[in-house]
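J.:
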Amino acid sequence: MTQLKCSADTCVNNCSGLCALNGIQVDGSTACCCSETSCGSFSAKSGAFTNSVGSMDAKPETRIQCHAHECVYNKDMRCSADSIRISGHNADCCGDTECATFKAR
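If you use this note's numbering, the sequence shown closes out at 111, no skipped numbers anywhere.
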């Protein structure tokens, strides 16, 4: 599995830079650069739905389903990079995030 670091600290699944989900989805089927990708698994924290990730076992290894067809790391809709970084400090929605590791073919 891919090592994931995430700076989307407003995501309910973010646990100290790790993701509490077993896998995420990177969107951007026609992306040609990082800014045209996003974390489709992003879910913003809210007052009614607060982060309970502290009790979860977040690990750096995460399955990445990749819809960024033009990324060199996309191998049959899976990310083949050893590690990726999801950016999105203060993101309000998935469109405010990106796969900072995206590299065009």
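Don't be surprised by glycine CBs; every beta carbon is placed ideally from N, CA and C.
Candidates Val78, Gln71, Ser93: which alpha carbon is nearest cysteine 105's?
T.: Ser93
J.: Taking the straight line between their C-alpha atoms, what separation do you get for aspartate 98 and cysteine 12?
T.: Those two C-alpha atoms are separated by around 15 Å.
J.: So what does DSSP say about aspartate 98, is it helix, strand or coil?
T.: Here aspartate 98 sits in coil by DSSP.
J.: Just the Cα atoms here: how many angstroms apart are asparagine 19 and isoleucine 70?
T.: 15 Å
J.: Taking just the CA atoms, how far does asparagine 28 sit from serine 41?
T.: 24 Å
J.: So is threonine 103 buried or exposed if we call it buried at 16+ other beta carbons inside 10 Å?
T.: buried
J.: Return yes when the Cβ of alanine 37 is within less than 8 Å of the Cβ of alanine 74, no when it is not.
T.: yes
J.: Whole angstroms is fine: what's the gap from glutamate 76's alpha carbon to aspartate 15's?
T.: 27 Å
J.: Nearest by alpha-carbon distance to alanine 110: which of His95, Ser35, Ser89, Gly23 is it?
T.: Ser35
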